[in-house]
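Worksheet for the structure shown next.
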Amino acid sequence: MPNAPTVPIKIEDTASNGSVETEHTDGNDKTLTYRERNRIAAHKCRQKSKKGVQELQQQERDLAEQNRFLVAHVDHLKNEVLGLKNEILNHGNCQDDLIQNYIAESAKKLQS
């Protein structure tokens, strides 16, 4: 079987320094190259995914902060509107047509 993948052959060289060397055949070199490239690609993919999660978490924190600011601003504006309406009611005894019309319209809305 000439196309069968071969396994690395370990050769010990005791004459020099006692280290173990590994000899690879072409089929195994391709497998090792493929595995190395796949390992690098998997690492890159995990890093990209991790970065995406971190960006989404930061975006969530930013939006939550913006939401808190907007809710506080809405509350402030509602209080300001209420204060202005009370100011108009304090002038209910004035004979100004605009004030009297506003009070009459507000009373109609409350009845409906």
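Using full-length UniProt numbering, the first residue of the sequence shown is number 1, and each one after it goes up by one.
Even for Gly, the Cβ is constructed at its ideal location relative to N, Cα and C.
Quick caveat: nothing in here was measured; it's all calculated off a predicted structure.
The stretch 62-75 and the stretch 87-102 do not touch, with fewer than 3 CB-CB distances between them shorter than 8 angstroms. Val71 has its alpha-carbon roughly 38 angstroms from the corresponding atom of Gln95. Taken through DSSP and simplified to helix, strand or coil, Asp96 comes out as coil.
Residue nearest to Leu84 within the set Ile103, Phe69, Tyr34 is Ile103 (criterion: CA-CA distance).
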